[in-house]
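Engineer: The opening position of the sequence shown corresponds to residue 27 in the working numbering, with each subsequent residue numbered one higher. For glycine and all other residues, C-beta sits at the position ideal for the given N, C-alpha and C. None of these values were measured; they are calculated from a predicted model. One structure is given below, represented as structure tokens, and several questions about it will come after.
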Amino acid sequence: MSGKVVIPGGHKVPALGIGTWMMGERPEARQAETESVRLGVELGLRLVDTAEMYGEGACERFLGEALAGLRDKVFLVSKVYPHNASRAGVVSACERSLRRLKTDHLDLYLLHWRGSVPLAETIIGFEHLKTQGKIRDWGVSNFDTDDMNELYETPGGDGCATNQVLYNLTRRGPEWDLLPWLQEHEIPLMAYSPIERGRLKSTGVLADIAAKHAARPYQIALAWALRMPGNIVIPKASRPEHMRENAGARDIVLDADDFAALDAAFPPPARKRALEML
Ligand code: NAP
């Protein structure tokens, strides 16, 4: 399913974006990675996710070059380390990210996971960055339902624009209570590692459904993750052929039989499971 997602704050973003973890770290892969990211943007995957953690800045530096001339077409997301997420720390970390990314603002800035800095402090830092025009919106990552509740109890916490979490066919835990919580509060779930870092089994049910749709198995996994309006999905593909294939997932419409077969092979949760992280 193709489409756009409106994040709280009103910005419209593509439902299918680009992950970049591990990009920009291997000189021999750089050309293919550059081609892949630029192809993805050309094909309409105009949300690019990165983090200061990725290669300790190497990924952001890579994107600063790879996105040359394309910055204005892209909704750029980066993340701050929890240990940098104090009121002042978040501002300095963002400024470093902006320099590496060769841009003057981020479209979305996320707290990468919860650390020891009180949420109230991080929110003040984020809001300060917003006022300065250095970020358009802020959000969180790897927050389970109790973390979201705590965030919402914190002054300004309801300004959160997304929660980026591990979600794919083999990691359906969020469907128990986190996804309903996010839907109720109209906050998009941004699904990371949507093909389980390339470890999803591409034989069996995924291959069968792919054959029926004249598609590829991972396209089926992505079409499944994109099935709910409001979800954002960010597969990473260093290779242009993977990027092109992933972009094609937007055109696949799964039917009730497909969903039933996927539920049988990858059952939804029957109880609460703590949110997993990669
Ligand atoms: P992923 O997107 O599930 O999988 C990436 C792997 O799958 C790569 O090895 C890639 O190969 C391969 N691949 C991609 N498309 C393919 C295709 N069509 N056919 C076959 N193989 C394919 O895993 P991920 O990188 O962990 O997650 C995606 C993004 O989410 C990350 O890059 C990052 O931006 C974000 N993330 C965030 C967190 C967090 O804590 N917030 C954690 C993990 C990830 P090639 O690269 O060789 O093409």
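Sorted by chain position, which residues of the same chain lie with C-beta nearer than 6 Å to M216's C-beta, five sequence neighbours on each side aside?
Structural biologist: The residues are T188, Q190 and I258.
Engineer: Taking DSSP as the reference, what is the three-state secondary structure of Y218?
Structural biologist: Correct three-state label for Y218: strand.
Engineer: Could you have a look at N257 and say whether DSSP puts it in helix, strand or coil?
Structural biologist: The answer is coil: DSSP assigns N257 none of H, G, I, E or B.
Engineer: For a test of your reading of the model: does the CB of Q245 fall under 8 Å from any non-hydrogen atom of the ligand NAP? Yes or no.
Structural biologist: Indeed, a heavy atom of the ligand NAP lies less than 8 Å from the Cβ.
Engineer: How far does the beta strand (DSSP E) with S167 in it reach, from first residue to last?
Structural biologist: Counting along the chain, the beta strand (DSSP E) containing S167 begins and ends at I161 to S167.
Engineer: So what's P206 in DSSP terms, helix, strand or just coil?
Structural biologist: In the structure shown, P206 sits in a helix (DSSP, three-state: H, G or I).
Engineer: Determine the DSSP secondary structure at I150, reduced to helix, strand or coil.
Structural biologist: DSSP places I150 in helix when its eight states are reduced to three.
Engineer: Could you check whether the Cβ of R223 sits closer than 8 Å to any heavy atom belonging to the ligand NAP?
Structural biologist: The answer is yes for R223.
Engineer: With DSSP run on the structure shown, which of helix, strand or coil describes D170?
Structural biologist: Coil.
Engineer: Here's a check: name, in chain order, each residue in its chain whose Cβ is nearer than 7 Å to the Cβ of D203, leaving out the five neighbours to either side.
Structural biologist: Counting only Cβ-Cβ distances below 7 Å, and skipping sequence neighbours, we find T171 and K298.
Engineer: Taking Cβ positions, are V74 and V103 nearer each other than 9 Å?
Structural biologist: Yes. Within cutoff.
Engineer: Which residue comes first and which comes last in the alpha helix (DSSP H) that contains L96?
Structural biologist: Segment: none, L96 is in no alpha helix (DSSP H) and carries neither H nor E.
Engineer: Buried or exposed: where does E59 fall if 16 or more other Cβ atoms within 10 Å of its Cβ makes it buried?
Structural biologist: By the neighbour-count rule (16 or more Cβ atoms within 10 Å), E59 is buried.
Engineer: Reducing DSSP to helix, strand and coil, say where K128 ends up.
Structural biologist: In the structure shown, K128 sits in coil (DSSP, three-state: anything other than H, G, I, E or B).
Engineer: Go ahead and label V279 buried or exposed: buried means 16 or more other beta carbons lie within 10 angstroms of its beta carbon, across all protein chains shown.
Structural biologist: The residue is exposed, with fewer than 16 neighbouring Cβ atoms inside 10 Å.
Engineer: Would you list the one or two residues that DSSP bridges to K30?
Structural biologist: Partner(s): P40.
Engineer: I need the boundaries of the beta strand (DSSP E) containing V74, first residue and last residue.
Structural biologist: First-last of the beta strand (DSSP E) with V74: L73 to D75.
Engineer: With a threshold of 8 Å, are at least 3 pairs of Cβ atoms found where one atom belongs to the region 70–88 and the other to the region 143–154?
Structural biologist: Contact fails: fewer than three Cβ-Cβ distances are below 8 Å.
Engineer: The beta strand (DSSP E) that contains N272, what's its start and end?
Structural biologist: Element bounds for N272: not the beta strand (DSSP E) but the alpha helix (DSSP H), P266 to G274.
Engineer: Any idea if Q245 is buried or exposed, counting beta-carbon neighbours within 10 angstroms, 16 or more meaning buried?
Structural biologist: Buried: at least 16 other Cβ atoms inside 10 Å.
Engineer: CB of G66 to nearest heavy atom of the ligand NAP: below 8 Å?
Structural biologist: It does not: the Cβ of G66 is nowhere closer than 8 Å to a heavy atom of the ligand NAP.
Engineer: Measure the alpha-carbon distance for K156 versus P214 and round it to whole angstroms.
Structural biologist: If you take the alpha carbons of K156 and P214, they lie about 20 Å apart.
Engineer: Cutting at 7 Å between CB atoms, please list the residues of its own chain near L205, excluding the five before and the five after it.
Structural biologist: Within the same chain, L205 has close Cβ partners L215.
Engineer: May I ask you to check if the CB of R265 is nearer than 8 Å to at least one heavy atom of the ligand NAP?
Structural biologist: Yes, the beta carbon of R265 sits closer than 8 Å to at least one heavy atom of the ligand NAP.
Engineer: Can you give the Cα-Cα distance for K105 and G256, rounded to whole angstroms?
Structural biologist: If you take the alpha carbons of K105 and G256, they lie about 21 Å apart.
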